[in-house]
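Shown next, in structure tokens, is the structure this report addresses.
2 protein chains.
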Amino acid sequence: MAKIDEVAKAAGVSISTVSYALSGKRTISAETRRRIEQAVRELDYRPNAGARMLAGRRTNIFALTEPFRADTHAPAHMSFVLATSIAARRYDYDVLLLTDEEATAGMRRVASSGLADAVLVLDVAPDDERVGLARRLDIPSVFIGVPNDHEGLVCVDLDFEAAAALAVDHLAAAGHRSIGLVGHPPGAYLRSNFPPRVRAGFERRAAELGLDSSVERPEAGGTRGAAVRAAVEALLERGVTGLVLHCDDATHLAVLDALAARGLSVPGDVAVVSVGATFDTTSFQPPLDVIPLIPQASCDLAVDLAMQSMTPAPPAPGVRLIAPEYHEHGSVGEAADGSVAAHPPD
Amino acid sequence: MAKIDEVAKAAGVSISTVSYALSGKRTISAETRRRIEQAVRELDYRPNAGARMLAGRRTNIFALTEPFRADTHAPAHMSFVLATSIAARRYDYDVLLLTDEEATAGMRRVASSGLADAVLVLDVAPDDERVGLARRLDIPSVFIGVPNDHEGLVCVDLDFEAAAALAVDHLAAAGHRSIGLVGHPPGAYLRSNFPPRVRAGFERRAAELGLDSSVERPEAGGTRGAAVRAAVEALLERGVTGLVLHCDDATHLAVLDALAARGLSVPGDVAVVSVGATFDTTSFQPPLDVIPLIPQASCDLAVDLAMQSMTPAPPAPGVRLIAPEYHEHGSVGEAADGSVAAHPPD
DNA sequence: CGATATAGTCGAAGCGCTTCGACGACGAGC
DNA sequence: GCTCGTCGTCGAAGCGCTTCGACTATATCG
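Quick mapping for you: the protein sequence lines, in order, are chains B and P. Its first residue numbered 1, the first sequence is counted upward by one per residue in the UniProt record's numbering. Its first residue numbered 1, the second sequence is counted upward by one per residue in the UniProt record's numbering.
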């Protein structure tokens, strides 16, 4: 717990010189800097956080609001929290966690007590109460996810619509004329911002290409995949030969099981593409083509934007969509009827 | 962003009176307090965090170190993070998250820069590098989990040994003479502190009661429960009629599937007890008896101890084990051979 | 009834840092 | 040779709060 005056004394310079050497905000001679750095090392000096906040008007802390509701899909959300935390550390920022009811109230508290320099908003609902609050806050915020009303906000996310459209493109290019989407349960469409966007992208592109399309949104868990099985049955009965999966890993498994139970092979009889997965789709049997949701991509960008928000030239409000990437793993084959269209785009 | 001097002026008192009224550290007349509180409300005053830290030598922040490694079981760990955060808020404390590589290095950084008042250590490995560091830190720490070498540390956890023993007691009381443990995969016994404790409690009590006992530790995931099925087969071949489950939810499902596939019913043919689950075991088919791991219990106690660590009378180092509780849901029946022992111990 | 305790309030001294303005030294330009 | 600008450094003024000691007014006691 050495203090800056001890460093100054050890290096034979004044307190302000130490401060400038450490912050780099004024030029310091190489020799002086060397002596200061050595003193810092020898004394294991680390500036006091409170003093730094008070004098520097900067906390080096991001508040991360992530409700962690009971129905939150833990693995995906944990990935985002982790990715945010890692991204923040690149700029020497720490992450303060606001969960549960405090996810909203804490934003106000933390902002007006000057505990954080910016707020990162996770697990964004379509109609999120943190939207209005963010506009009123006197520190910047960045949303990872896109609420319905996002005017004036800085948002970052995978382009889920484009991702779904890209999946449809690949199925269409392989000759599939009737395709199905296995989506999240209906409840998720109210609580989360992205399931509706996947669905919209899926249906729009299918319509543009003149494909038959259907959507099923089975409840996950429950009686051991029965709902998923029923959903798959329903899609197959409508003649679907290409499947887009936007759901959790257990539902992925259940879909593959249901297909196997019907004696259908992937990609022989049915083509399958996973969209927006944060988990590894290559460990399924068979490995699945995927347009992944990469937390690191969103979180890195979000943190960059948060940093920029604190400069004199903050980023313009608006939605930054990350372009989807298609990863082939062999789960999409030519449609059985042979009426194959052109090659997959790109 | 009103400041304390504005509150003082609005209430017609001095700055120090406002401070004392807000902290309660000196007596303030009812009338004065009323005027101050009103001014605080009208100005929406909130003390500046940095100034408070600097002057008060207290951050109102707990550092929470939780590595979130790649193989971390997300739902369980998220529950602990959430429970800790909620418990901390009860004392007006915020939680700063240290993940990944920073889980260790961040402890040192946060402690010596005075960014946190105490450290809460999650996801404790048997041989955890944070143990040595915690001893050297100049702020207190509380471990949620018990490392092998815990001398001088304050630790909190479910009494996993007693929990496993309690499960064995119930199986024995129902007349089961040959019992099996389905534990976490072998790797988890190195990374986590509690699987070995469950195993030890299981084997010790089985030996004390003169039961035949076997342990299987199937790899989870992978080829769709094949390892779990094999483990169950192996146990059944050894004549096991009572099963203790200490594993993730997917493995629970796989075990029940494997039993069903053999045409065995629960509790008719096989008795099943789940130990240390953080998930709901009543949604299985059938609902399972359980000795749950309740994150809230551990985290509340941990936060209480952390608070007490900052008083002039810190808690004595040592392991605080939380007594296990048995919840009956009908998955344990009398053993088939009829040689039933006494009733389950309370 | 004077000595003493107690309640209620205030002023001022920090807490450890950042940053502004100033100043000396020195090289460049005229 | 003198002025000017730049580089490197320093002193000191805060940042907004907590807390110590002191002071007044009132209550308590022998």
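C-beta atoms are modelled at their ideal positions from N, C-alpha and C, and glycine is treated no differently. Just so it is clear, the structure is predicted and the values come from calculations on it, not from any experiment.
Where residue i sits in the DSSP three-state scheme
i	result
D100(B)	coil
residue 347(P)	What is shown of chain P runs 1 to 346, which leaves residue 347(P) out entirely.
F160(P)	helix
I322(P)	strand
H77(P)	helix
F62(P)	strand
G132(P)	helix
A341(B)	Any answer about A341(B) is weak, because its pLDDT of 42 lies below 50 and its placement is not dependable; what the coordinates show is given next. In the structure shown, A341(B) sits in coil (DSSP, three-state: anything other than H, G, I, E or B).
D289(P)	strand
G333(B)	coil
D304(B)	helix
L209(B)	coil
G183(B)	coil
V124(B)	coil
A116(P)	coil
H327(P)	strand
D346(B)	With a pLDDT of 45 at D346(B), under the threshold of 50, the modelled position of this residue cannot be trusted; read the value that follows with caution. Here D346(B) sits in coil by DSSP.
Cross-chain neighbours of residue i in chain B, by beta carbon under 8 Å
i	result
R109(P)	R46
D71(P)	Those do not exist, as D71(P) stays about 11 Å from chain B at its closest Cβ, beyond 8 Å.
For residue j and residue i, the rounded distance between their alpha carbons
i	j	result
D5(P)	E151(P)	48 Å
S265(B)	A306(B)	47 Å
D128(B)	P147(B)	7 Å
L43(P)	V7(P)	7 Å
L22(B)	N60(B)	15 Å
L321(P)	A313(P)	21 Å
V332(B)	D149(P)	52 Å
G239(P)	G175(P)	13 Å
E37(P)	K25(P)	15 Å
T281(B)	D71(B)	23 Å
Y20(P)	V13(P)	11 Å
R108(B)	L64(B)	12 Å
V319(P)	T251(B)	41 Å
S29(P)	K9(P)	17 Å
D100(B)	V121(B)	13 Å
D249(B)	A230(P)	23 Å
L245(P)	G276(P)	9 Å
G338(B)	V270(B)	Note on G338(B): pLDDT 45, under 50, position unreliable in the model; no value is reported.
G183(B)	R217(B)	5 Å
Cross-chain neighbours of residue i in chain B, by beta carbon under 9 Å
i	result
F68(P)	M78, S79, V81, L82, S85
T59(P)	A49, G50
M53(P)	N48, A49, G50, A51, M53, L54
Contact list for residue i against chain P, beta-carbon separation under 8 Å
i	result
residue 353(B)	It is not possible to answer for residue 353(B), since the shown part of chain B is limited to 1 through 346.
G114(B)	M1, N48, A49, G50
P75(B)	A74, P75
Contacts that residue i makes with chain P (C-beta to C-beta distance below 7 Å)
i	result
V303(B)	Within chain P, no residue comes near V303(B); the closest Cβ sits about 14 Å away, beyond 7 Å.
R205(B)	Those do not exist, as R205(B) stays about 32 Å from chain P at its closest Cβ, beyond 7 Å.
R89(B)	E102
Beta-carbon neighbours of residue i, restricted to chain P and to distances below 9 Å
i	result
residue 347(B)	Outside the displayed range of chain B (1 to 346) lies residue 347(B), so it cannot be described from this structure.
Heavy atom of the ligand SAM within 6 Å of residue i beta-carbon
i	result
S274(B)	In the structure on display, the ligand SAM does not appear, and there are no ligands present to speak of.
task: Please list the segments of the beta strand (DSSP E) lying wholly inside the stretch 211-275 of chain P, counting only runs of 3 or more residues, in order along the chain.
output: 212-216, 242-245, 271-275
message: If we require 4 or more residues per run, which alpha helix (DSSP H) segments fall completely within the UniProt domain "HTH lacI-type" (2-56) of chain P?
response: 4-11, 15-23, 30-43, 49-56
query: At what residue ranges does the stretch 134-178 of chain B contain a whole run of the alpha helix (DSSP H), taking only runs of 4 or more?
result: 160-173
- prompt: In chain order, what residues of the stretch 270-303 of chain P put their CB closer than 8 Å to some CB of chain B?
  reply: Taking 8 Å as the upper bound on Cβ-Cβ separation, chain B lies near residues S283, Q285 of the stretch 270-303 of chain P.
message: At a CB distance below 8 Å, what residues from the stretch 128-142 of chain B approach chain P? Give them in sequence order.
response: In summary, the residues of the stretch 128-142 of chain B whose CB is separated from some CB of chain P by less than 8 Å are D138, in the order they occur in the chain.
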